[in-house]
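Engineer: Chains A and B supply the protein sequences, listed in that same order. For the record, in the first sequence the residue sitting at position 54 is 58 according to this note's numbering, with numbers rising by one throughout. For the record, in the second sequence the residue sitting at position 68 is 76 according to this note's numbering, with numbers rising by one throughout. Where is the CB? At the ideal position from N, CA and C, for every residue including glycine.
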Amino acid sequence: MENESKQVTEKDILLEIEDEIIVKFCELNGGMEFAMPIIRKQYEKFNVDFKRPTKEDLYKIVKALIEVTENLKGDLVAREERRVFKELLNKLERDIKAHQSQS
Amino acid sequence: MGEPFNVKVKICLVGDSAVGKTSLIRRYVMDIFDDKYISTLGTKVSKKRLKLKKKDLDIDLTLSIWDVLGQEGFKGIQGMAFKGARGAMLVCDLTREETLKNITSWADRIKKIAGDIPFVLLANKSDLTSQYKFNESDLESYSSNLNTSFFMTSAKFGDNVLKAFYKLGDLVTTELLNEIMNN
Numbered sequence: 005m006e007n008e009s010k011q012v013t014e015k016d017i018l019l020e021i022e023d024e025i026i027v028k029f030c031e032l033n034g035g036m037e038f039a040m041p042i043i044r045k046q047y048e049k050f051n052v053d054f055k056r057p058t059k060e061d062l063y064k065i066v067k068a069l070i071e072v073t074e075n076l077k078g079d080l081v082a083r084e085e086r087r088v089f090k091e092l093l094n095k096l097e098r099d100i101k102a103h104q105s106q107s
Numbered sequence: 009m010g011e012p013f014n015v016k017v018k019i020c021l022v023g024d025s026a027v028g029k030t031s032l033i034r035r036y037v038m039d040i041f042d043d044k045y046i047s048t049l050g051t052k053v054s055k056k057r058l059k060l061k062k063k064d065l066d067i068d069l070t071l072s073i074w075d076v077l078g079q080e081g082f083k084g085i086q087g088m089a090f091k092g093a094r095g096a097m098l099v100c101d102l103t104r105e106e107t108l109k110n111i112t113s114w115a116d117r118i119k120k121i122a123g124d125i126p127f128v129l130l131a132n133k134s135d136l137t138s139q140y141k142f143n144e145s146d147l148e149s150y151s152s153n154l155n156t157s158f159f160m161t162s163a164k165f166g167d168n169v170l171k172a173f174y175k176l177g178d179l180v181t182t183e184l185l186n187e188i189m190n191n
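(1) Cβ closer than 9 Å: which chain B residues qualify as neighbours of leucine 76/A?
(2) Between the alpha carbons of tryptophan 74/B and glutamate 37/A, how many angstroms are there, rounded?
(3) From this set, Leu19/A, Asp79/A and Lys101/A, which residue's C-alpha is nearest leucine 62/A's C-alpha?
(4) Buried or exposed for glutamate 11/B, going by 16 or more other Cβ atoms inside 10 Å?
(5) Mind listing the chain B neighbours of arginine 42/A? Cutoff is C-beta to C-beta under 9 Å, in chain order.
(6) Run through chain A and tell me which residues come within less than 8 Å of leucine 102/B, C-beta to C-beta.
(7) Which class does leucine 185/B belong to by DSSP, given the choice of helix, strand or coil?
(8) What are the partner residues of glycine 95/B, as DSSP defines its beta bridges?
(9) What do you reckon, are the CB atoms on leucine 102/B and tryptophan 114/B nearer than 8 Å?
(10) With a cut-off of 8 Å, do at least 3 Cβ pairs link the stretch 111-125 of chain B to the stretch 29-43 of chain B?
(11) Taking buried to mean at least 16 other C-beta atoms within 10 Å of its own C-beta, is isoleucine 40/B buried or exposed?
(12) Since isoleucine 43/A and glycine 50/B are thought to touch, with beta carbons under 8 Å apart, how far apart are those beta carbons, to the nearest angstrom?
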């Protein structure tokens with residue numbers, strides 16, 4: 005399960021950001037028990053495999069989740085979510101770029 | 009006769025992916041089994057009521073059973089799911105030795121977040137006898153190190169599934185009652 009010396013792959017980078025997106029959405033939308041079914045629905049809607057997301061998949065999911073938050077929680081929470089997701093997607097772009105330049 | 013004592017607790021099922029966590033819950037909660045494997049995205053929560061008798065008290069226990077994805081690379085989701093758990097089932101797969109070796113790491117991770125909660129160790133897929141990669145004495149050794157009971161379960165046929173959930177429910181209730189008595 006744990007492999008500290010494992011080389012980081014692009015897939016690892018995508019999964020790490022995906023993990024953070026899901027956690028943040030749950031935090032802003034009433035916790036895991038309530039928010040996780042909503043997340044699952046979006047993955048089904050866009051036919052995204054959560055174990056192998058592409059960068060484009062994550063952009064689609066983020067956009068859809070923000071729309072859900074707008075409807076559920078209103079502008080203020082959606083704005084905060086948009087800010088956090090933007091940071092995460094920027095981190096994703098940076099990390100992928102850094103990874104590609106190393107390999 | 010007194011009113012039953014209502015208790016609600018959260019328990020988590022943890023272990024590597026594809027060990028049968030979702031199937032064990034489906035067997036316990038709905039008494040069904042499906043061979044088709046679908047990885048759990050994040051977490052899924054099921055509820056089940058259990059009646060117990062403890063220290064002359066009738067306990068009506070509602071288990072909030074959290075199925076937590078075992079996939080690598082989702083430490084944030086797993087950590088969030090472990091918060092507030094009062095007990096955990098550590099699940100491994102009798103046909104894959106590494107799933108038993110990883111049990112200690114799962115136990116450590118959940119302890120870090122939920123504290124020193126009761127565990128039970130489940131070695132699932134006991135129906136696949138010809139494919140066993142470890143045996144009862146290996147399980148004894150792991151369960152003794154973790155100070156837990158162990159069960160060899162089959163989500164497919166239901167063997168020991170009720171017993172394992174009952175055992176964890178019992179351990180969790182005992183802890184809770186002890187806490188109440190001591191406060």
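Structural biologist: Looking at the atomic coordinates:
(1) Taking the first sequence and counting its residues from 1, one reaches residue 76/A at position 72. The premise fails here: leucine 76/A is roughly 17 Å from chain B at the closest Cβ pair, so nothing lies under 9 Å.
(2) Counting from 1 along the second sequence, the entry for residue 74/B is found at position 66. Counting from 1 along the first sequence, the entry for residue 37/A is found at position 33. Between tryptophan 74/B and glutamate 37/A, the C-alpha separation is close to 9 Å.
(3) For the purposes of this step, residue 62/A is taken as the residue at position 58 of the first sequence. Comparing Cα positions, the closest option is Leu19/A.
(4) Locating residue 11/B in the second sequence gives position 3, counting from the first residue. The residue in question, glutamate 11/B, is exposed, as its Cβ has fewer than 16 Cβ neighbours within 10 Å.
(5) Position 38 of the first sequence, counting from 1, holds the residue named residue 42/A. For the record, residue 42/A in the displayed sequence is isoleucine; it is not arginine. Within 9 Å Cβ-Cβ: nothing; isoleucine 42/A doesn't reach chain B, min ~10 Å.
(6) Sequence index remark: in the second sequence, residue 102/B carries index 94 (1-based). Simply none; closest approach about 17 Å.
(7) Numbered from 1 along the second sequence, position 177 holds the residue referred to as residue 185/B. It is helical.
(8) Within the second sequence, residue 95/B is the residue found at index 87, counting from 1. BP columns for glycine 95/B point to Ile19/B.
(9) For the purposes of this step, residue 102/B is taken as residue 94 along the second sequence, with counting starting at 1. For the purposes of this step, residue 114/B is taken as residue 106 along the second sequence, with counting starting at 1. No, these two residues do not count as a Cβ contact at 8 Å.
(10) no
(11) On the second sequence, residue 40/B is found 32 positions in, with the first residue counted as 1. Answer is exposed; the Cβ neighbour count stays below 16.
(12) To locate residue 43/A, count along the first sequence from 1; it is residue 39. To locate residue 50/B, count along the second sequence from 1; it is residue 42. With a Cβ gap of about 6 Å, isoleucine 43/A and glycine 50/B count as contacting.
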